[in-house]
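These notes concern the structure reproduced below.
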């Protein structure tokens with residue numbers, strides 16, 4: 005076990021940035037858990053958030069494995085759901101990013117095609133994270149191989165605590181998800197303003213449905229204003245704060261906004277910087 009653990013650490017370290025990074029604490033998406041859907045969230049419609057070179061990235065992933073299913077009149081109990089990289093490209097993640105899970109119930113004791121593999125127990129909801137600091141800009145299409153393992157149960161009901169080491173693969177061949185995309189933008193440029201400078205980061209999370217944080221960097225103490233516009237050009241949010249030297253943050257309550265694309269603008273000392281953000285249905 006110690007040898008396997010050290011192997012995982014070595015691979016993660018080789019993929020991540022020079023700075024030591026730990027797997028962030030993931031969380032379940034409550035809307036997905038409350039729905040009648042199963043599988044992986046975000047789905048193809050929502051997709052993964054975008055990132056910026058040199059800035060920390062974190063995408064939460066929720067995996068919902070049902071207790072059982074019925075096919076051709078036969079009940080099948082879910083033992084586990086395996087997630088692996090189909091080729092030796094670390095799921096096709098942008099350089100600097102990696103997959104990991106902070107949930108003890110998720111087994112990550114193996115390496116498949118040079119990337120961590122995950123085993124999610126049946127009849128359970130768990131999560132994982134794509135995290136790190138991207139180093140190369142571009143559009144990256146991920147590839148994730150998924151395989152549910154099931155056991156037929158002709159009579160009676162399925163156990164609430166399935167044996168994750170049993171069962172047979174229910175998909176031949178295993179399904180490969182190839183619709184996830186992570187876009188990585190070039191490093192945010194620094195705008196010179198006399199003796200000061202500033203940069204505006206991509207809001208996080210993006211897309212969002214409740215709240216989202218907009219962070220920006222300045223090297224001065226002055227008023228900064230964040231405005232959010234809808235696609236008609238109307239101001240739907242307006243906040244002015246007194247900055248501190250370094251990183252500043254404004255939180256936007258997106259639960260009050262209709263689903264769609266918005267523009268947010270930072271105004272500081274006569275200069276402006278603008279980015280887009282997406283709001284989902286609540």
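Residue numbers (the working numbering): 5 to 286.
Think of the CB as a built atom: it goes at the ideal place given N, C-alpha and C, for glycine as much as any other residue.
On a predicted model such as this, the values are computed, not experimentally measured, just so you know.
- By the Cβ neighbour-count rule, residue 132 is buried, with 16 or more other Cβ atoms within 10 Å of its own.
- For the segment 129-182, the full-length beta strand (DSSP E) segments reaching 3 residues or more read 142-145, 148-156 and 179-181 along the chain.
- Per DSSP, reduced to three states, the secondary structure at residue 104 is strand.
- Considering only 64, 237 and 169, the residue with the shortest C-alpha distance to residue 83 is 169.
- The criterion of a C-beta distance shorter than 8 angstroms is not satisfied by residue 129 and residue 90.
- Considered as a whole, the segment 41-96 harbours 43-45, 61-69, 72-75 and 78-88 as its complete beta strand (DSSP E) runs of no fewer than 3 residues, in chain order.
- By the Cβ rule, the segment 47-55 does not count as touching the segment 103-115, because fewer than three pairs are nearer than 8 angstroms.
- Counting C-beta pairs closer than 8 angstroms gives fewer than three between the segment 97-106 and the segment 150-170, which falls short of the contact rule.
- The beta carbon of residue 32 lies closer than 7 angstroms to those of 66, 129 and 131 in the same chain, with the five residues before and after it left out.
- Minimum Cα-Cα distance from residue 145 among the listed residues 217, 138 and 185 corresponds to 185.
- Apart from the 5 residues on each side of it in sequence, residue 266 sits with its Cβ closer than 8 angstroms to the Cβ of 232, 233, 234, 235, 240, 280, 281, 282 and 283 in its chain, given in chain order.
- Of the candidates 119, 71, 253 and 75, 119 places its Cα closest to the Cα of residue 93.
- According to DSSP, residue 257 shares a beta bridge with 215.
- Remark: C-beta atoms of residue 219 and residue 178 do not approach each other more closely than 8 angstroms.
- Burial of residue 97 is indicated by the presence of at least 16 other C-beta atoms within 10 angstroms of its C-beta.
- Under DSSP, residue 208 shares a beta bridge with 217.
- Under the three-state reduction of DSSP output, residue 34 falls in the helix class.
- Shown here, residue 281 sits in a strand according to DSSP, grouped into three states.
- Note on geometry: alpha-carbon atoms of residue 237 and residue 221 lie some 25 angstroms from one another.
- Between residue 140 and residue 99, the gap from beta carbon to beta carbon is short of 8 angstroms.
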